[in-house]
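This report refers to the structure that appears directly beneath it.
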Amino acid sequence: MPLISAAIRIEDYAWITADVFVGPGVTVGRGAVVNARSTVFNDVDPWTVAKGYPAVSYKKRVMKEGYE
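Heads up: the sequence shown at position 10 corresponds to 0 in my numbering, and the numbers run straight through without jumps.
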């Protein structure tokens, strides 16, 4: 099996919580949150919360004034 390597991109205000695996080439969007012990193989949309194995977005984050 070949080794796959690609840059992982974590955008501003994103949270990667405890014991999360982020696969090669994945982008975690601005303000996104990945819940603990999740495995991320696909990009996470901005301002969403993702969880699970594999991680899927399950809700949008509602932000107070002053954030874009």
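Virtual Cβ for every residue (Gly too), placed ideally from N, Cα, C.
As the structure is a prediction and not an experimental result, all values here were calculated from the model.
*With a threshold of 16 other CB atoms inside 10 Å of the CB of S(-5), please say whether the residue is buried or exposed.*
exposed
*Between the beta-carbon of V30 and the beta-carbon of V16, is there less than 8 angstroms?*
yes
*So, helix, strand or coil for W37, using DSSP?*
coil
*Over the uninterrupted beta strand (DSSP E) stretch that includes K49, give me the two end residues.*
A45 to K50
*asked:* Between which residues of its own chain and G19 is the CB-CB distance below 6 angstroms, once the five residues before and five after are set aside?
replied: E1, V34, D35 and P36
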